[in-house]
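A.B. asks: Chains as they are written, first to last, in the numbering used here: chain S, 1118 to 1463; chain A, 327 to 593; chain U, 804 to 1000; chain R, 22 to 467.
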Amino acid sequence: MAETETKTVENEALRIVSTSPHAHSGSDVQHIMLDVIIALVPAFLVACFFFGWDAIRLTFACVLGCVAVEALCRKAMGRDLGIADLSAVVTGILLAFNLPPSIPTWMAVVGSVFAIAVAKQVFGGIGYNPFNPALVGRVVLLISFPVAMTRWSQWTIPSPIGTVDAVTSATPLGLVKTSLLSSGTLPYSFDNATMLQMFTGATNGCIGEVSAAALLLGGAYLLWRRCITWHTPAFYIGTVAVFSAILWAVDPSHNMPPHFHLLAGGLMLGAIFMATDMVTSPVTLKGMAVFGIGCGVLTMVIRKWGGYPEGVSFAILLMNSITPLINRATRPRVFGHARKKTPDKK
Amino acid sequence: MIVATTVAIGGMGLVCGVALAMAARFLAVHEDPRVEELTEILPGANCGGCGFAGCGEYAKAIIVDGAEVTLCAPGGAEILDNIAAFMGVEAEAGEKHVAIVLCGGDNAKAPRRFDYNGVADCNAAHAVDGGDKKCNHGCLGYGSCARACPVEAIEITGTGIAVVHPELCIGCRKCVKTCPRFIIEMVPESQATHVFCSSKDKGPIVKKACQVGCIGCRLCVKFGGESFEMDGFLARRNYETPIEDEDTVIDKCPGDCIVRQEKSAAG
Amino acid sequence: MASYFLIIAGAVLVNNFVLTRFLGICPFLGVSKKLDTALGMCGAVIFVMTSASAVTWGVQRFLLAPEGVFGKDLRYLQIIAFILIIASFVQLVDIAMKRFSPNLHGALGIFLPLITTNCAVMGVAVLNVQLEYNFIKAVVFGFAAALGFAVALVIFTGLREKIDRANPPKAFQGVAIALVTAGLLSLAFMGFASLVK
Amino acid sequence: MARTKAQFKINGGVHPSYHKGLAAAKAIADMPLPALLRVSMSQHLGAPAQPTVAKGDTVKRGQVIGEAAGFISAAVHAPTSGTVKALAPAETATGAKAMAVDIEPDGEDAWVELTTHACWEETDPKQLVEIVADTGICGMGGAGFPTHVKLSPPPEKPIDTLIINGAECEPYLTADHRLMLEYADQIAEGAAIIRKILGAEKLIVAIEDNKPDAIDAMETALKDMKGDVTVLVLETGYPQGAEKQQIFAAIGKEVPSGGLPMDVGAVVENVGTTLAVWDAVVNGKPLTERVTTVTGFPVQTPGNVRSRIGTLYSDLLDFCGGTTGEVAKVISGGPMMGFAQHSLDVTTTKTTSGLLFLAPDQVSEFTSMPCISCGRCVVACPMYLVPSEISQMIEAEDYETAEEISVLDCIECGCCAFECPAHRPLVQHMKQGKSHIMLKRRQKKG
């Protein structure tokens, strides 16, 4: 018996011993991030089609910037490199997608530094950051360089319908805001052709947010791969639809219709890719629903009454900040506990 | 002008003062002032070594519940004297005891029996198939004691074993309580020579599990007399009796587990 | 009615005392470790700020202003008079809390008397004078400012519980990382800029 | 007699790869007596038994060698006739050490005198419980709660439902499946005995729908039974066989937190236990053997082996032809809740339902990565816990909050860790938290 023991040690490699379970679903963080990257490919292709070189330039600048900053930070902290989990790549792509095409490369790199160094690695890296890094990067740029971040050159694009179309020098939301502020009227009526343009991406905006179609395709992929649940995007988009529908029904001469709000700005990008960021959104399904509703309300409040034409980034950051509270409030009733909610002790 | 100023400020002060005085009177809370004073005397490390949640609680326990005054290990003799004087009792401080990890089997000397995959915590590791160290009484080296230590006096060496720095130890016993293998003991601070093994197993078993284990040969008892005693197959130091011929005992120990702890090496 | 709503929305969201005016940072960092304590602090601050707003308005109007009972311009006494009032209210809360909730009193510790020096309270009193609010508006503004403080504190406490479990590099542990988080939270609140003019 | 689909859906759960095909078709094989049987006195949860033999004693099969110590304890019997070679502490499958009796079989395999109760229908239920206690039967599915304790509920807790658990939701394991196929009639009679003891009106046999042949077999066996008898078809999914989940799936009632199934008028018995009760009552035989699934891809001939309690794992493996290729992990039990073993120098107990060998490519290791808050564990948890949060509390050694958010309700089923993309050792955190809290409570009491 003692002999068996000796044999075990000397003749075989040591066995692995751990607590149960000894089986695993096989999913890991790297694969999830890879799936997110794959889901972003359609939007990237559309961006390349409409913005050409700028889309490629910004995406590469941000991805390289984020990965490099992540590696540098990890090294400076004396920790494992940890760039293999691809989360920095995702942050980079999302940050680039949230930038206007004309912004200089160095600004994109500054955004990447803030996104990774200040919003993520200072907290200890993936899993610890309370705010979505890409959005922090965008908002820092938006506040620091408001002109560059809202400058949209007029450009001519080959429309997918076949004709050549001129695109105005502002985003649809920006146009609505300035028009309402200056003349108190809506800039244009929202017809089917405009809607189609905005659905496909033939409109002005940040490079990754213009094409609702491509983003929805990516969202469908993420749902199919079980990377996200439907709760956050559905409640987010649904809330925006309901909120804008009410405003529109009350006063159609000063409010754009709900389908405009769904297609305009960064809503699709935000709802599908940013609000669903695992680290900074709630863990419970109920919490995800609350999170989505909150994002929707805040987005519409800022779009309607705020100083900025677009509120998606701020809305998601604000909801990020109350994610811990949502988690706390939406803990499910534990099996075998009374139906009544147990009061939070002390 | 000056009159107005004086009246205004003075009047307001008077009104506020009267209101507060009434509030203080009607909402008064009786509190033994000695608790606060005694808390001041205690070291304020809030280490919990006394068994109460922090110095304030201990002070309360002494005054309200009449707890022992000798429980504050970090305070040492000086603070004990102060407490005793404050409470008007007599108490004698023994010699300060410090913690020591009675195991010398690091990764180079004591093999592991399996590849443990899990939480890096001794209590967690000990609960998984009995711990991965081949010796059942060996230090697992996952640092539960080091994390429990309020003053960072315990270090996990590069070779995977816990070592207490006696000069930093405040004697709070938290590590003693947390070690799942019960191999940390309190020893008088002045003593430097210890039996660095806690295995009560028979010699052959110890030999297989560790190069520096006590095999129960009794040579230390033979050469060191009453300064050592046997606990089954394990030799233990009897700290009451000093070792006469320390070098011989250290030299004779076949397991090399009787070691004089060098202060400089530990510091 | 709408103007009151604007005062509240303005003080809570747009010009949040903590996140935009950077007033009251001390208790904001000091008592944001546990939600229960933070809620207790919120209650204390709401009480002190609302009542201090009311009383300081009265003092300003009837004692210090030239048209007050003394008929002289005593406005140079503003700061000392306000401090006296605020300190008395804080003392009152302190005494009452010690009596009715000793645990909370212990948990808040030094931060309870420190409400006295909480610049947010002083700030609201002074702002009331500057903005020339009438009595009701002053009380509403005081309450809304305190509510803004409470909202920021509760949100931050939630975040704090998350970042306390985070793993920042050594140089950033503790208050440093809390301040970074507060900065990011403030960044998020900038989304409300010019929500209310 | 009716066959129904489960009406109530349990929360969460996971769908691991079952790999039941490795051994499901293999009929139960009897293993010849090995050279040594080491019977641990710690066969189950609760107090270990007290040995009643000394070195050198000769024993007969079925003779008591360890008597129950305390209420939650069961007697241990000699698994064969032979000589007691040694009494020494030995490691059990959980890694703890417990006293064990080494018996060298004499090859005769002679039984002690047995008292049979073929006409149990006329026997007093109390006497039947005594038989169950005397024959050392304990739950053979998992934790091994002594069966006689379950069968003697206090009078204020009447039992109306008896559930026979044939779910066998653990991947790889097929022992219960084979028992239902080969001993359906005996299990049915065993169920009837337990039903009589409890006075339970309803009898439910719960089986997952991935075992249609077992469902058919049990249906046939229960055809003529009177009263409210159901074969309940459960959706295949883990953990359908967990006691609390199964009760919910069967009758839609939640066992209260910290309570027992008897609090909702139910008792769950595993099919193996039911068969053991039949054997004990009808044949008078104490529990001395059980069926263990020896399986895994590295095993030469996986199968379901009936062996004596106290058989060395190495002997069990040898009987199955040893292993081909590298083995990275050995598990006593199933992959979701079993205990990993560092050596095969451990012996079977009454609860050893499987012995599983995993090749290196099937082992996924835990990491110390931080939680990425994906929420998959929350979706997977059948107890509606928030494992991510609890595990972070325990990492931060905040046991009080962990207790507030119900870590003690965790059933350690492993669904959370199975799903975790960060590969965090969630179950270990739960175990750590639970043992810490329980220790604190004990210290407070005494």
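Every residue gets a Cβ at the ideal spot worked out from N, C-alpha and C, and that includes glycine.
1. If I'm right that G377/A touches L397/A with Cβ under 8 Å, what's the distance once you round it to whole angstroms?
2. Suppose contacts are defined by Cβ-Cβ distances below 8 Å. Is L1211/S in contact with G1228/S by that definition?
3. Could you check where the beta strand (DSSP E) with V521/A kicks off and where it finishes?
4. Whose C-beta lies closer than 6 Å to the C-beta of L857/U among residues of the same chain, with five residues either side of it excluded?
5. Which residue comes first and which comes last in the alpha helix (DSSP H) that contains E366/A?
6. For the structure I just gave you, are there three or more beta carbon pairs, one from the region 1419-1434 of chain S and one from the region 383-393 of chain R, closer than 8 Å?
7. Under 8 Å between C-beta atoms, does V1230/S make it to chain U?
8. Is the region 367-381 of chain R touching the region 56-68 of chain R in the sense that three or more CB pairs, one from each, lie closer than 8 Å?
9. Taking the continuous beta strand (DSSP E) assigned at G324/R, which residues delimit it?
10. On the three-pair Cβ rule with 8 Å, is the region 511-519 of chain A touching the region 450-458 of chain A?
11. Secondary structure at K232/R, three-state DSSP: helix, strand or coil?
12. Should T960/U be labelled buried (16 or more other beta-carbon atoms within 10 Å of its own) or exposed?
13. Thinking C-beta only, is A1392/S closer than 8 Å to G1409/S?
14. Need the endpoints of the alpha helix (DSSP H) that A1193/S sits in, please.
15. Report yes if the C-beta distance between C540/A and S525/A is below 8 Å; otherwise report no.
16. How far does the alpha helix (DSSP H) with A1337/S in it reach, from first residue to last?
17. Cβ of A1265/S within 8 Å of Cβ of A1251/S?
18. Pairing CB atoms from the region 1444-1454 of chain S with CB atoms from the region 422-439 of chain R, are three or more of them under 8 Å?
19. If you follow the alpha helix (DSSP H) that Q148/R is in, where does it begin and where does it stop?
20. Beta-carbon within less than 6 Å of Q261/R's beta-carbon, same chain only, minus the 5 sequence neighbours each way: which residues are those?
21. Throw me the rounded Cβ distance for the D336/R and P55/R pair, which I believe falls under 8 Å.
22. Looking only at C-alpha atoms, which of E404/A, D455/A, Y468/A sits nearest to S353/R?
23. How about Y442/A: is its C-beta nearer than 8 Å to some C-beta of chain S?
24. Who are the neighbours of F873/U on chain A, taking C-beta pairs under 7 Å?
25. Counting only C-beta atoms, is N931/U closer than 8 Å to chain R at any point?
26. Does chain R have any CB closer than 8 Å to the CB of Y1305/S?
27. Write down the C-beta distance between I1529/S and M993/U rounded to the nearest angstrom, noting that I regard them as a contact closer than 8 Å.
28. Out of K455/R, K41/R, Q449/R, Q464/R, point me to the one whose CA is closest to V445/A's CA.
29. Taking the straight line between their C-alpha atoms, what separation do you get for E416/R and T504/A?
30. Starting from D573/A and walking both ways along the alpha helix (DSSP H), at which residues does that stretch end?
31. Taking only beta-carbon positions, decide if R507/A is within less than 8 Å of chain S.
32. Quick check on the DSSP output: the beta strand (DSSP E) that includes I411/R runs from which residue to which?
33. So R329/R and T309/R are in contact, right, with Cβ under 8 Å, and what is the actual spacing, rounded?
34. Answer yes if the region 1389-1404 of chain S comes into contact with the region 1350-1357 of chain S, meaning at least three C-beta pairs across the two stretches below 8 Å, and no otherwise.
35. Does any residue of chain S have a CB that is nearer than 8 Å to the CB of A814/U?
36. Just the chain U side, please: which residues come within less than 8 Å of L560/A by C-beta, in chain order?
C.D. replies: So, to answer that:
1. Contact holds; Cβ gap of about 7 Å.
2. Contact check for L1211/S against G1228/S fails: the beta carbons are separated by 8 Å or more.
3. Per DSSP, V521/A belongs to the beta strand (DSSP E) from 519-521.
4. Leu is not the amino acid found at residue 857/U; the sequence shown has Ala there. Within the same chain, A857/U has close Cβ partners V942.
5. 359-367
6. no
7. Output row for V1230/S: interface = no.
8. yes
9. 324-329
10. In short, these stretches do not touch, since the Cβ pair count stays below three.
11. coil
12. buried
13. yes
14. 1170-1194
15. yes
16. A1337/S -> alpha helix (DSSP H) spans 1329-1341.
17. no
18. In this structure the region 1444-1454 of chain S lies against the region 422-439 of chain R, because at least three pairs of beta carbons, one per stretch, are closer than 8 Å.
19. 146-155
20. A188, C190, E229, L255
21. 4 Å
22. D455/A
23. Yes, Y442/A counts as interfacial toward chain S.
24. A330, A334
25. no
26. no
27. One cannot answer for residue 1529/S here, as it falls past the ends of chain S, which runs 1118 to 1463.
28. Q449/R
29. 15 Å
30. 572-578
31. Using beta-carbon distances, R507/A does not count as an interface residue toward chain S, since no partner is under 8 Å.
32. Note, I411/R: premise wrong, no beta strand (DSSP E); alpha helix (DSSP H) at 408-416.
33. 6 Å
34. With a cut-off of 8 Å, the region 1389-1404 of chain S and the region 1350-1357 of chain S count as touching, because enough Cβ pairs lie within range.
35. no
36. For the C-beta of L560/A, not a single chain U residue is nearer than 8 Å; the gap to the nearest is close to 41 Å.
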